[in-house]
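Notes to accompany the following structure.
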Amino acid sequence: MDQGEGSARIVRGRGRNKRKWTMDEDEELVRALCEVSTDPRFRAEGGGFKNCYTQGIESLLAQRLPGRGIKASPHIDSRLKVLKRKFHAIKEMLASPGFSWDGSRKVFRCEKQRYDEYCKDNPRARGMYGVPFPHFDVFDAVYGKDRAAREVVEVSEEVTADMENGNTSEAEEDRTSNGPSGRSLDATSTYKKQERCKNGGKRKRTESNCLSPDTLKDVRGHYQRASQHVDTMAEAMELFKDVHRHFQSVVQHAGAMAAAMEAFKDAHDQFQSVVQNVSTAATAMEQFKDAHDQFRSITQNGSATEAVIEPHADLRERLSPEVPQQDARVRAIAEMQKLGFTGSEVVSAASVFAKEPDQMGMFLALPEIYRREYILKMLNGMFTDPRILYGRIALHYK
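Position 11, counted from 1, in the sequence shown is what the UniProt record's numbering calls 11; the numbers after and before it change by one each time, with no gaps.
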């Protein structure tokens, strides 16, 4: 039987006790925690748990999730440690001004600026903004209220044990979609926990076994700085995949359009060179109109763009300009940015250039002092056909 089917993969070996919990496993874990919390066999004096309570959870999960191989140590210990850390971070935020709890969405609410200010002094709260925590009510019933002081001590000892065993980095590896988790314990610690359970589950704590609040805060801060960007990076990767797919779709059609744009750019640059000479402006205007009509006919019908090269070859032989072969689209965008247009205006103008390439050619042909006014009028819809504008320029030089 394939025990890995429907469950997370477990990697064995020192420093490699990693497990990715699924959503159904998390739900069963929290459900088992509720049952164990009301079972007197696992409750200690003062309202806390006996050290063997995770073994009780292990037994329940073995019945409800057979074949998953979920053990009290390190799997249940690690996952509960991470979930408790999230719970206490939210609990502390809700005790601060500006934070509230949305019971329907199971997420805390606050202004983003308030959250960023809070995280400066409480680094373990980073990466939790807008992330639901569906188990908050259960953890509040089990670990909240008068159990807060006891939990600080338990978390302190768990962090100390992780540092001594060299397993502080494994918490980032053991995770679900809601965040990282995980902790690795050796066989000796498991044996000692079983022995303590047989002896009544009592644990002696002395002041020397606990970290001071300042030390604990530093330890948590180092851990949070190592893991706070994990969720953000996952979202960034998904966004990059979407952009990459759109880019591939555009690139498939870019080859033919690039050749057509180069041919049109040559014709336009030749026209720009010729209109400087008033005596040949009328002839150049007719030649440019012919080239423009041929370009529009080829690009609209989607035919082979090689056909656009022949009409312009004759034009280049007659005019023979010496102009650099530059990417007009890159030049146009760079010019608009230099002129101080906003990102939205640049995108709008680029959309017009994509549909009407001659608009871009005319923009680059104008002296720099007129380019900003040209873009503003183009965005306001004042230019319906750039050939009208070319005709006006030709009449001006007659």
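All C-beta atoms, glycine included, are put in the ideal place defined by N, C-alpha and C.
Taking C-beta atoms as the reference points, valine 346 and methionine 362 fail to come closer than 8 angstroms. Taking each of Gly48, Cys119, Gln63, Arg19 in turn and checking the Cα distance to tyrosine 143, the smallest one comes out for Gly48. According to the DSSP assignment, aspartate 102 belongs to the beta strand (DSSP E) that extends over 100–102.
Two segments are said to touch when three or more pairs of C-beta atoms, one from each, lie closer than 8 angstroms; by this definition the segment 45–64 does not touch the segment 114–129. As DSSP reads the structure, valine 107 sits in a beta bridge with Asp102. Cβ neighbours of alanine 332 within its own chain (closer than 7 angstroms, five residues either side excluded): Phe353, Met360, Phe363, Leu364. Annotated as distal: alanine 44 and isoleucine 57, with beta-carbon spacing of 8 angstroms or more.
By the Cβ criterion, the segment 123–142 is in contact with the segment 86–95, since at least three pairs of Cβ atoms, one from each stretch, lie closer than 8 angstroms. With fewer than 16 other Cβ atoms from the protein chains shown falling within 10 Å of its own Cβ, serine 104 counts as exposed.
CA-to-CA, the gap between histidine 75 and lysine 338 works out to about 57 angstroms. Take the alpha-carbon of glycine 343 and the one of isoleucine 375: they are about 14 angstroms apart. Residue Arg329 holds the alpha-carbon nearest to the alpha-carbon of alanine 349 among Arg329, Glu28, Met93. In the three-state reduction of the DSSP assignment, phenylalanine 139 falls in the helix class. A Cβ-Cβ separation of about 18 angstroms leaves leucine 83 out of contact with phenylalanine 42 under the 8 angstroms criterion. Burial check for isoleucine 369: the Cβ neighbour count within 10 Å stays below 16, so the residue is exposed. Counting along the chain, the unbroken alpha helix (DSSP H) around valine 352 starts and ends at 343–355. Here the alpha carbons of arginine 68 and tryptophan 21 stand approximately 10 angstroms from one another. Exclusion of the five residues before and after glycine 98 leaves Cys110, Arg114 as the residues of its chain whose Cβ lies within less than 6 angstroms of its Cβ. Going by DSSP, glutamate 368 is part of the alpha helix (DSSP H) stretching over 368–379. The beta carbon of aspartate 39 is closer than 8 angstroms to those of Gly56 in its chain, skipping five residues each way along the sequence. Taking a C-beta distance under 8 angstroms as the contact criterion, leucine 33 and arginine 79 do not qualify as a contact pair. Counting only unbroken stretches of 4 or more residues, the alpha helix (DSSP H) elements lying wholly within the segment 33–101 are 53–64, 77–94, in sequence order.
Arginine 371 sits buried, since 16 or more C-beta atoms from the chains shown fall within 10 Å of its C-beta. Counting along the chain, tyrosine 129 sits inside no alpha helix (DSSP H), nor does DSSP assign it H or E at all.
Spatial neighbours of isoleucine 70 in its own chain (CB-CB distance under 6 angstroms, excluding positions within 5 residues in sequence) are listed in chain order as Leu61.
Note on geometry: alpha-carbon atoms of alanine 260 and lysine 377 lie some 26 angstroms from one another.
For methionine 261, the secondary structure class from DSSP, reduced to helix, strand or coil, is helix.
In this structure, DSSP gives aspartate 116 a helical state, which the three-state scheme calls helix.
When Ser297, His268, Cys119, Asp77 are compared, the shortest CA-CA separation from lysine 18 is found for Asp77.
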